[in-house]
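Protein chains in written order, with our numbering: chain A, 1 to 356; chain B, 1 to 308. The C-beta atom is built at its ideal place from N, Cα and C for all residues, glycine as well. Quick notes on the structure that follows.
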Amino acid sequence: MLKLEKRQSDSRLMGYMSPVIAIVMTLICGALLFAFLGHNPGEALYTFFITPLEDTYGWTELGVKVAPLLLCAMGLTLCYRAQIWNIGAEGQFIMGALGGGYAALQFLDAESSWVLVPVLLAGAASGLAWGGIAALLKTRFNANEILTTIMLNYIALNLLLWAVHGPLKDPGGFNFPESAMFADAAILPLFSDSYRLNISILFALFFMVAIWTLMARSWVGYQIHVMGEDAKAAKYAGFSSKTLTWVVLLACGALAGLAGVSEVSGPIGQLVPQLSPGYGYAAIIVVFLGRMHPLGILLASMLLALTFMGGEMVQIQLSLPKSLTGLFQGMLLFFLLAADLLISYRIVFQPRTARA
Amino acid sequence: MDIDLITNVLYATLKTGTPLILIALGEMVAEKSGVLNLGQEGMLLVGAAVGFIVASLTGNYFLAAFCAIFAGMMMSLVFGFLSITLAANQVATGLALTIFGAGLSAFLGNNYIGIGLEGIGIWEIPLLSDIPVIGKVLFQHDPLVYLTIILFAVVYWVFRSTRLGLKIRAVGENPEAANAIGIHVHQIRYMAVLFGGAMTGLAGAYLSLVYTPMWSDGMSAGRGWIALALVVFASWKAERILLGAYLFGFASIMHLVLQGTKFEVAPNIMAMLPYVATIIVLVWLSSDAIKTKMSAPKSIGQPYRPMS
């Protein structure tokens with residue numbers, strides 16, 4: 001009989017192996033699923049995971065999707081390190097896009113790229129404010145942050161819908177629920193005109209390193225660690241859990257907001273009803289899969305970005321539904337949670353006869 | 001406000017509250033046994049998708065509802081295996097269930113977007129439905145509205161006066177003690193979680209077969225999460241869930257109330273109301289944080305590992 005037995009101490013090795021196991025299990029289940037749908041599993045998996053990256057364009061598109069995922073995930077890491085279960089990156093992303101988009105629409109005749117400064121700041125500030133609401137509800141009213149941030153996501157989405165159907169709708173846009181196209185100056189510069197990859201990937205990498213340094217070297221980072229590991233110890237040490245809650249939620253809001261504004265002032269170029277394919281939710285998986293470590297998170301963002309591209313690829317080439325993306329992401333998180341048990345437990349084989 | 005409007009508003013309130021009651025009752029039972037299942041939204045979506053697909057393929061609504069219930073139970077079984085047997089973190093597992101359910105339902109329902117269904121018809125209760133106003137408000141509903149009231153009565157009765165209700169509470173309050181007096185903790189928790197899955201699956205079927213007879217991605221629009229807040233709001237009491245769900249139902253159909261008055265509010269602003277109301281409720285609960293803590297099942301969220 002198989003049995004779980006507690007390890008003497010947590011296994012470091014399993015901590016790193018668990019994401020690998022989860023990926024392998026997801027691939028196996030994916031293969032079975034493709035076979036069930038009547039496709040050659042090897043070929044379908046190849047189309048999903050390899051074909052999108054066969055040319056330079058594919059890799060730049062990966063970067064386009066890594067940027068928002070990485071920004072949101074770094075923000076969420078701060079929260080989860082402090083045991084603040086912020087599910088609100090999606091809403092903070094949307095508010096960033098909405099606030100930044102509003103700013104961009106004020107400068108439709110802009111010629112100078114300096115206009116990007118107020119646009120990006122407005123975006124980050126809107127996301128920050130949205131994170132701030134969650135922080136206020138948590139610290140002042142002790143409201144469960146999982147529920148409040150989820151509710152704030154739905155409110156943000158409805159605000160965006162209201163804006164593009166109403167006050168921010170393009171007057172010359174044939175009544176489509178979209179804003180006007182932003183001025184060229186209000187669009188983030190591209191690395192090359194042939195690709196959609198813009199400098200937001202540099203923001204993402206910069207903040208990845210910045211937060212890494214903050215967590216590893218700074219006093220605030222240390223306090224967040226202690227609060228997450230042992231809330232009581234943090235209290236005895238005199239760390240204010242309220243201040244830390246504010247810090248992590250504001251920071252996450254600002255980063256997700258920056259991701260949002262970079263998306264509208266980047267590949268999209270205007271406000272539309274569907275801004276995010278679910279970056280804010282996928283970023284949650286990124287954080288867990290990346291072991292809350294910056295390098296792990298970078299790799300996990302690339303994998304999750306690939307699942308978005310893979311979904312589109314199997315839709316185009318095999319006419320399978322794009323929603324396979326969400327299914328793969330969900331499976332990945334499930335298998336990860338199951339495999340994570342092997343960090344503190346080991347499977348032992350116990351012959352039935354040996355039981356007294 | 002004329003009498004027709006009041007009738008319509010009350011009628012719609014009952015309809016809108018129904019799925020919330022189903023989800024919240026199921027989740028309440030699970031939480032009373034000590035398991036916090038945050039995956040309601042995912043189970044709800046899968047129930048809605050499966051119910052709709054079976055109904056469009058077979059035209060048999062009874063079978064469709066049954067399959068939706070079964071789908072909800074399968075989802076909750078996955079949750080139970082991870083969180084009860086493997087003792088994984090309930091919060092993370094619940095979130096995973098929601099993300100997985102959203103993906104799975106979108107995948108399953110992919111070919112069914114934009115198809116209409118007739119929907120389950122209305123069962124008029126003879127004689128009673130002829131009463132003016134009350135007859136229309138209470139006795140001209142689809143069968144699931146009545147079934148929900150019956151299910152409420154059953155859950156209420158189980159916790160009020162049965163051994164099973166006592167066992168579930170014992171497991172949720174103090175699993176070690178429950179185990180010591182010979183209650184199988186894991187068995188009770190599995191049953192409670194599966195019951196929750198069945199109820200949420202049925203609520204999903206209600207959404208896609210009755211409330212808005214169609215399928216669209218993410219059509220549950222956060223109802224699973226609102227129901228989770230509702231359980232806390234109701235301080236784990238079935239009768240308060242009933243009341244709270246109808247209050248939320250009312251908040252969700254405020255646009256009907258404002259119709260025809262001089263207050264014109266954009267539909268997307270009105271659509272925020274249930275979410276804003278949920279936040280207000282959570283804030284209001286905090287004014288009574290101690291009472292909330294007292295009425296919460298003691299072992300909620302904590303996995304139980306039998307000593308061996």
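When you compare only the Cα positions, how much space is there between residue i and residue j?
{"i": "Ile300(B)", "j": "Gly196(B)", "result": "15 angstroms"}
{"i": "Ser308(B)", "j": "Leu4(A)", "result": "Caution is warranted here: a pLDDT of 49 is assigned to Ser308(B), below 50, making its placement in the model unreliable, and the coordinate value is therefore given only provisionally. Going from the Cα of Ser308(B) to the Cα of Leu4(A) covers about 11 angstroms."}
{"i": "Glu111(A)", "j": "Val117(A)", "result": "13 angstroms"}
{"i": "Ala356(A)", "j": "Ser9(A)", "result": "At Ala356(A) the pLDDT is 44, less than 50, meaning the model places this residue with poor confidence; the figure from the coordinates comes in the next sentence. Approximately 27 angstroms between the Cα atoms of the pair."}
{"i": "Lys6(A)", "j": "Gly99(A)", "result": "50 angstroms"}
{"i": "Leu202(B)", "j": "Ala204(A)", "result": "43 angstroms"}
{"i": "Ala354(A)", "j": "Ala198(B)", "result": "The predicted position of Ala354(A) is uncertain, since its pLDDT is 49 and thus under 50; a value taken from the coordinates is nonetheless stated next. Ala354(A) and Ala198(B): Cα-Cα distance of roughly 39 angstroms."}
{"i": "Val185(B)", "j": "Pro175(B)", "result": "6 angstroms"}
{"i": "Ile122(B)", "j": "Cys252(A)", "result": "48 angstroms"}
{"i": "Ser126(A)", "j": "Leu152(A)", "result": "13 angstroms"}
{"i": "Asn268(B)", "j": "Leu168(A)", "result": "14 angstroms"}
{"i": "Ser76(B)", "j": "Lys65(A)", "result": "32 angstroms"}
{"i": "Leu256(B)", "j": "Met272(B)", "result": "14 angstroms"}
{"i": "Ala234(B)", "j": "Pro303(B)", "result": "24 angstroms"}
{"i": "Leu128(A)", "j": "Ile150(A)", "result": "16 angstroms"}
{"i": "Ile50(A)", "j": "Phe52(B)", "result": "35 angstroms"}
{"i": "Thr213(A)", "j": "Pro277(A)", "result": "30 angstroms"}
{"i": "Ala192(B)", "j": "Ser208(B)", "result": "25 angstroms"}
{"i": "Leu32(A)", "j": "Glu43(A)", "result": "12 angstroms"}
{"i": "Gly135(B)", "j": "Leu128(B)", "result": "6 angstroms"}
{"i": "Arg217(A)", "j": "Asp230(A)", "result": "19 angstroms"}
{"i": "Pro213(B)", "j": "Gly109(B)", "result": "13 angstroms"}
Mind checking whether residue i and residue j have CB atoms under 7 angstroms apart?
{"i": "Met227(A)", "j": "Leu244(A)", "result": "yes"}
{"i": "Ala170(B)", "j": "Ala178(B)", "result": "yes"}
{"i": "Ile168(B)", "j": "Ser83(B)", "result": "no"}
{"i": "Leu341(A)", "j": "Leu86(B)", "result": "yes"}
{"i": "Gln92(A)", "j": "Trp130(A)", "result": "yes"}
{"i": "Asn144(A)", "j": "Ser286(B)", "result": "no"}
{"i": "Leu63(B)", "j": "Thr148(B)", "result": "no"}
{"i": "Gly310(A)", "j": "Phe34(A)", "result": "no"}
{"i": "Ser262(A)", "j": "Ser200(A)", "result": "yes"}
{"i": "Gly269(A)", "j": "Gly123(A)", "result": "no"}
{"i": "Ala163(A)", "j": "Leu108(A)", "result": "no"}
{"i": "Cys67(B)", "j": "Val50(B)", "result": "yes"}
{"i": "Val248(A)", "j": "Leu78(A)", "result": "yes"}
{"i": "Ile68(A)", "j": "Ala259(A)", "result": "Looking at the sequence provided, one finds Pro at residue 68(A) rather than Ile. Contact flag set, yes."}
{"i": "Tyr190(B)", "j": "Gly39(B)", "result": "no"}
{"i": "Met95(A)", "j": "Ile343(A)", "result": "no"}
{"i": "Phe288(A)", "j": "Thr307(A)", "result": "no"}
{"i": "Met73(B)", "j": "Leu228(B)", "result": "no"}
{"i": "Pro177(A)", "j": "Pro273(A)", "result": "yes"}
{"i": "Val231(B)", "j": "Glu41(B)", "result": "no"}
With which residues is residue i paired in a DSSP beta bridge?
{"i": "Asn198(A)", "result": "Leu190(A)"}
{"i": "Trp123(B)", "result": "His141(B)"}
{"i": "Lys6(A)", "result": "Tyr345(A)"}
- Please determine if the stretch 293-307 of chain A and the stretch 110-118 of chain B are in contact, where contact requires at least 3 C-beta pairs separated by less than 8 angstroms. Contact between the stretch 293-307 of chain A and the stretch 110-118 of chain B is absent, with fewer than three C-beta pairs closer than 8 angstroms.
- Task: Residues of the stretch 202-233 of chain A with a CB closer than 7 angstroms to any CB of chain B: list them in chain order, please.
- Result: Listed by position, the residues of the stretch 202-233 of chain A near chain B (Cβ gap below 7 angstroms) amount to none.
- Taking any Cβ of chain A, which residues in the stretch 268-292 of chain B have a Cβ under 7 angstroms from it, in chain order? Of all residues in the stretch 268-292 of chain B, Asn268, Ile269, Ala271, Met272, Tyr275, Val276, Thr278, Ile279, Leu282, Val283, Ser286, Ala289 have a Cβ within less than 7 angstroms of some Cβ in chain A.
- Along the stretch 174-196 of chain B, what residues have a CB closer than 9 angstroms to any CB found in chain A? Residues: none.
- Query: Does the count of Cβ pairs from the stretch 78-94 of chain A and the stretch 134-146 of chain A closer than 8 angstroms reach three?
  - Reply: Enough Cβ pairs lie closer than 8 angstroms, so yes.
- Item | Three CB pairs or more closer than 8 angstroms across the stretch 171-184 of chain A and the stretch 279-293 of chain A | Under the 8 angstroms Cβ criterion, the stretch 171-184 of chain A does not count as touching the stretch 279-293 of chain A, having fewer than three qualifying pairs.
- Query: Are there three or more Cβ pairs, one per stretch, closer than 8 angstroms when the stretch 270-284 of chain B is compared with the stretch 56-76 of chain B?
  - Reply: Output reads no: the stretch 56-76 of chain B does not touch the stretch 270-284 of chain B.
- Message: Beta carbons nearer than 7 angstroms to chain A: which residues of the stretch 97-123 of chain B have them?
- Response: Against chain A - using a Cβ distance shorter than 7 angstroms - the residues of the stretch 97-123 of chain B are Ile99, Phe100, Ala102, Gly103, Leu104, Ala106, Phe107, Asn110.
- Message: If the cut-off is 8 angstroms on Cβ atoms, which residues from the stretch 70-95 of chain B count as contacting chain A, listed in chain order?
- Response: Within the stretch 70-95 of chain B, the qualifying residues are Val78, Leu82, Leu86, Ala87, Ala88, Asn89, Val91, Ala92, Thr93, Leu95.
- Mind checking the stretch 212-226 of chain B against chain A and listing, in chain order, the residues whose C-beta falls within less than 9 angstroms of any C-beta there? Answer set for the stretch 212-226 of chain B: Asp217, Ala221, Gly222, Trp225, Ile226.
- Query: Within the chosen definition, does the stretch 205-224 of chain B reach the stretch 90-110 of chain B through at least 3 CB pairs nearer than 8 angstroms?
  - Reply: These segments touch.
- Message: Along the stretch 98-120 of chain A, where does the CB come closer than 7 angstroms to a CB of chain B? Name the residues.
- Response: Cβ contacts with chain B: none found.
- Under 9 angstroms (Cβ pairs) to chain A, residues found in the stretch 226-254 of chain B: Answer set for the stretch 226-254 of chain B: Ile226, Leu228, Ala229, Val232.
- Task: Can you give me, in chain order, the residues of the stretch 133-145 of chain A that have a beta carbon less than 7 angstroms from any beta carbon in chain B?
- Result: If the cut-off is 7 angstroms between Cβ atoms, the stretch 133-145 of chain A has Leu137, Phe141, Asn142, Ala143, Asn144 near chain B.
- Message: Taking 8 angstroms as the cut-off, does the stretch 131-145 of chain B touch the stretch 9-22 of chain B (at least 3 CB pairs, one atom from each stretch)?
- Response: Segment contact: the stretch 9-22 of chain B against the stretch 131-145 of chain B, three or more CB-CB distances shorter than 8 angstroms; contact assigned.
- Query: When Cβ atoms are compared, which residues of the stretch 37-49 of chain B fall closer than 9 angstroms to chain A?
  - Reply: Closer than 9 angstroms at the C-beta level to chain A, one finds these residues of the stretch 37-49 of chain B: Leu38, Glu41, Gly42.
- Item | Positions along the stretch 300-322 of chain A whose CB lies within less than 7 angstroms of some CB in chain B | Taken in chain order, the members of the stretch 300-322 of chain A whose beta-carbon sits within less than 7 angstroms of a beta-carbon on chain B are Pro321.
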